[in-house]
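Listed in order, the protein sequences are those of chains A and B. Under numbering that gives the first Met the number 0, the first residue of the first sequence carries the number 0, and numbering increases by one thereafter. Under numbering that gives the first Met the number 0, the first residue of the second sequence carries the number 0, and numbering increases by one thereafter. All C-beta atoms, glycine included, are put in the ideal place defined by N, C-alpha and C.
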Amino acid sequence: MKQELPVIIGLAFGLFIVIAMFVGGVPALTTGKNYVDDWFLVVSAWAIAVGVVNLTQIHGRRVQQRREGYQYSLWLMICMFGMAFFGILVAKSADHEGWKFMYNNLIAPMNATVYSTLVFYIGAAAYRAFRVRNVEAAVLLVAAVVMMLGRVPLGTVLLGDWIGDTAEWILNVPNSAGMRGIQIGATLGGIATALRILVGIERAHLGGTGD
Amino acid sequence: MTIAQGQIFSFIAELIYCIGVLTMISRARKGIKIPELYQVPGLDALDEAIGRCTEMGRPVHFSPGIAGVDEAQTLAGLSILSYVARQCAKYDTDIIATNRRTVVYPIAEEIVKQAFVQEGKIANFKVENVRFISEDQFAYATGVTGIMYREKPAANLLLGAFWAESLIFAEVGATAGAIQIAGTANTHQIPFFVAACDYCLIGEELYAASAYLTREPILMGSLVVQDWGKMFAAVCIVLGVLLQTASVSVLKDIMGK
Chain A
0 MKQELPVIIG
10 LAFGLFIVIA
20 MFVGGVPALT
30 TGKNYVDDWF
40 LVVSAWAIAV
50 GVVNLTQIHG
60 RRVQQRREGY
70 QYSLWLMICM
80 FGMAFFGILV
90 AKSADHEGWK
100 FMYNNLIAPM
110 NATVYSTLVF
120 YIGAAAYRAF
130 RVRNVEAAVL
140 LVAAVVMMLG
150 RVPLGTVLLG
160 DWIGDTAEWI
170 LNVPNSAGMR
180 GIQIGATLGG
190 IATALRILVG
200 IERAHLGGTG
210 D
Chain B
0 MTIAQGQIFS
10 FIAELIYCIG
20 VLTMISRARK
30 GIKIPELYQV
40 PGLDALDEAI
50 GRCTEMGRPV
60 HFSPGIAGVD
70 EAQTLAGLSI
80 LSYVARQCAK
90 YDTDIIATNR
100 RTVVYPIAEE
110 IVKQAFVQEG
120 KIANFKVENV
130 RFISEDQFAY
140 ATGVTGIMYR
150 EKPAANLLLG
160 AFWAESLIFA
170 EVGATAGAIQ
180 IAGTANTHQI
190 PFFVAACDYC
200 LIGEELYAAS
210 AYLTREPILM
220 GSLVVQDWGK
230 MFAAVCIVLG
240 VLLQTASVSV
250 LKDIMGK
């Protein structure tokens with residue numbers, strides 16, 4: 000019963016959402032779907048508490064036992080609880096100036112910093128991927144060089160318009176064809192997975208491998 | 000009550016597809032032979048990756064992606080987590096499962112715990128090894144980066160829906176010297192995984208993983224219909240190209256309904 004009940008609930012709500020997606024002209028279905036969407040948001044919001052408990056357990060233990068780098072764990076908890084208490088007790092709204100200041104001057108720049116490190120990771124990954132070890136890697140290298148030169152003004156200035164046209168062709172024809180092939184396969188796979196989960200055949204996500 | 004405009008073809012196609020999947024599952028249940036699956040090197044390498052961790056005495060890192068439970072890729076990733084956790088339990092290897100979504104985290108924890116229970120090794124289950132990092136995408140990426148550098152897992156398994164953080168994970172894993180198996184259906188991230196990981200599950204292979212790993216005929220039955228669906232799509236593409244070239248829009252009109 001521990002696994003049957005979630006499967007029954009999943010099937011009922013899953014079918015309801017699918018029907019609401021396809022069937023038009025029934026306001027009750029749209030209203031019901033909106034309710035279910037709201038419930039999902041409420042459940043997600045409550046789940047935050049579970050996450051906070053997990054973080055506190057892990058990092059609290061690290062601080063308590065003075066493990067290596069425990070200062071970072073302490074700083075994490077100060078920031079997490081500090082931000083939460085400030086938001087709940089002082090700001091009470093996302094429009095609060097202090098709250099906006101912290102978001103715009105702390106969180107946003109830190110996110111941008113991590114995002115910008117991607118350029119170095121791309122460089123390192125490209126170096127490994129473009130080493131010519133076989134025919135496939137050689138094709139990848141040539142395509143990448145044409146793409147890079149074709150997408151910057153310098154490439155056109157040095158080599159002429161053909162490089163830009165070739166880059167555009169690679170992007171729109173072989174690349175798009177490959178991507179769409181993968182997308183078709185992935186969509187069919189996604190539907191089959193959803194169906195297996197809805198009818199309760201695949202239940203590994205409920206804990207255990209089903210046996 | 001009518002089918003919404005523009006959804007009729009999609010509704011009928013999905014209905015036929017679902018009936019096909021259920022029919023094949025029913026045939027498998029009756030014991031009728033199901034065609035063999037082709038080899039997926041990335042999935043075959045899972046045991047090798049776990050074995051490497053066991054030999055080196057280092058943990059496995061597993062990420063089910065950064066999407067929520069409303070994403071089929073996450074559920075596919077969690078199914079693989081179930082298998083990986085069970086193998087880890089069997090060989091007394093630590094598994095660190097990191098999560099971005101608070102909704103996914105308790106599910107992942109229960110999956111890992113159940114895997115250790117099923118192997119009769121609940122005493123080896125470490126609750127602190129299933130971790131919620133952050134709901135923020137790049138904070139999660141930073142957290143995983145730290146874990147990779149500090150705890151040096153010998154295998155980095157990235158199976159689920161990934162976005163911009165995919166290359167950060169894969170490159171950090173490579174730097175940490177981990178064997179890397181990644182899989183996603185997000186086409187824009189596949190090139191990064193192909194470039195930076197040892198094995199990559201491309202698109203549908205991620206969804207086929209649980210059937211492939213468990214070899215359960217009932218699960219494998221649905222994969223056959225996936226291939227039929229692809230063949231149907233290929234026929235539609237060829238037919239569509241020919242008809243459109245001849246200025247006949249019958250197929251386009253039918254699909255647009």
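Short CB-CB distance (under 8 Å) between residue 82 of chain A and chain B
no
So if I threshold CB-CB distances at 8 Å, which residues from the stretch 224 to 251 of chain B count as touching chain A?
Result list: 224, 225, 228, 229 and 232.
Helix, strand or coil for residue 121 of chain A? Go by DSSP, reduced to three states.
Of the three classes helix, strand and coil, the one that applies to residue 121 of chain A here is helix, per DSSP.
By alpha-carbon positions, which one of B:133, B:251, B:252 and B:79 ends up nearest to residue 44 of chain B?
For residue 44 of chain B, the closest C-alpha among the options B:133, B:251, B:252 and B:79 is that of B:79.
Can you tell me which of A:111, A:122, A:154 and A:56 puts its alpha carbon nearest to the alpha carbon of residue 140 of chain B?
A:111
Whole angstroms is fine: what's the gap from residue 180 of chain B's alpha carbon to residue 193 of chain B's?
10 Å
Got a sec: is the Cβ-Cβ distance from residue 104 of chain B to anything in chain A below 8 Å?
yes
Within 8 Å of any Cβ in chain B, is that where the Cβ of residue 172 of chain A sits?
no
Where the beta strand (DSSP E) containing residue 97 of chain B begins and where it ends:
94 to 98
Along chain B, which residues have their Cβ under 9 Å away from the Cβ of residue 178 of chain A?
186, 187 and 189
Please state the DSSP three-state secondary structure of residue 62 of chain B.
strand
By Cβ distance below 8 Å, which residues in the same chain neighbour residue 106 of chain B in space, the five residues on each side in sequence not counted?
68 and 77
Compare the Cα-Cα distances from residue 151 of chain B to each of B:109, B:49, B:177 and B:103 and report the closest residue.
B:177
For the stretch 12 to 27 of chain B, which residues have a CB atom closer than 7 Å to at least one CB atom of chain A, in sequence order?
The residues in question are 13, 16, 17, 20 and 24.
With three or more beta-carbon pairs closer than 8 Å as the criterion, would you say the stretch 186 to 204 of chain B touches the stretch 169 to 187 of chain A?
yes
Is there contact here, the stretch 7 to 24 of chain A with the stretch 42 to 51 of chain A, by at least three beta-carbon pairs under 8 Å?
no
Does the stretch 131 to 139 of chain B come close enough to the stretch 8 to 26 of chain B that 3 or more CB-CB pairs lie under 8 Å?
Between the stretch 8 to 26 of chain B and the stretch 131 to 139 of chain B there are fewer than three inter-stretch CB-CB distances shorter than 8 Å, so the stretches are not counted as touching.
Taking Cβ-Cβ distances shorter than 7 Å, what residues in chain B pair up with residue 53 of chain A?
104, 130 and 131
Residues bridged to residue 181 of chain B [DSSP beta-bridge criterion]
B:157 and B:199
Residue ranges of each alpha helix (DSSP H) run of no fewer than 4 residues wholly in the stretch 14 to 76 of chain A, ordered along the chain?
With a minimum length of 4 residues, the continuous alpha helix (DSSP H) runs that stay inside the stretch 14 to 76 of chain A are 26 to 63.
Roughly how many angstroms separate the alpha carbons of residue 158 of chain A and residue 147 of chain B, rounded to a whole number?
43 Å
Alpha carbon of residue 198 of chain B to alpha carbon of residue 31 of chain A, nearest angstrom:
Computed Cα separation, rounded: 43 Å.
Going by the CB atoms, is the gap between residue 41 of chain B and residue 157 of chain B shorter than 8 Å?
no
By DSSP, does residue 192 of chain A sit in helix, in strand, or in coil?
helix
Residue 53 of chain B burial status per 10 Å Cβ neighbour count (16 or more: buried)
buried
So, is residue 19 of chain B buried or exposed, given that buried needs 16 or more other C-beta atoms within 10 angstroms?
buried
Check whether the stretch 249 to 256 of chain B touches the stretch 60 to 67 of chain B, taking contact to mean three or more Cβ pairs, one atom from each stretch, closer than 8 Å.
no
Beta-carbon contacts of residue 120 of chain B that lie in its chain and below 6 Å, excluding the five residues immediately before and after:
88
Alpha carbon to alpha carbon, how far is residue 203 of chain A from residue 209 of chain A? Give it in angstroms, no decimals.
Unreliable placement is indicated for residue 209 of chain A, whose pLDDT of 47 sits below 50; no coordinate value is reported for it.
Since residue 54 of chain A contacts residue 163 of chain B with CB under 8 Å, what's their CB separation in whole angstroms?
The beta carbons of residue 54 of chain A and residue 163 of chain B sit about 23 Å from each other, so the pair does not count as a contact at 8 Å.
C-beta contact flag for residue 192 of chain A and residue 160 of chain B at 8 Å
Not a contact, by the Cβ cut-off of 8 Å.
Any C-beta of chain B sitting closer than 8 Å to the C-beta of residue 86 of chain A?
No, its Cβ sits nowhere closer than 8 Å to a Cβ of chain B.
In chain B, which residues lie less than 9 Å from residue 181 of chain A when you measure between Cβ atoms?
Chain-order list of chain B residues neighbouring residue 181 of chain A: 184, 186, 189, 201, 202 and 203, by C-beta distance under 9 Å.
Taking the alpha helix (DSSP H) that residue 231 of chain B falls in, what are its first and last residues?
216 to 244
Own chain, CB closer than 8 Å to residue 56 of chain B, minus 5 neighbours either side, in chain order:
none
Best match in B:70, B:71, B:142 and B:82 for proximity to residue 97 of chain B [C-alpha to C-alpha]:
With distances taken between Cα atoms, residue 97 of chain B lies closest to B:142.
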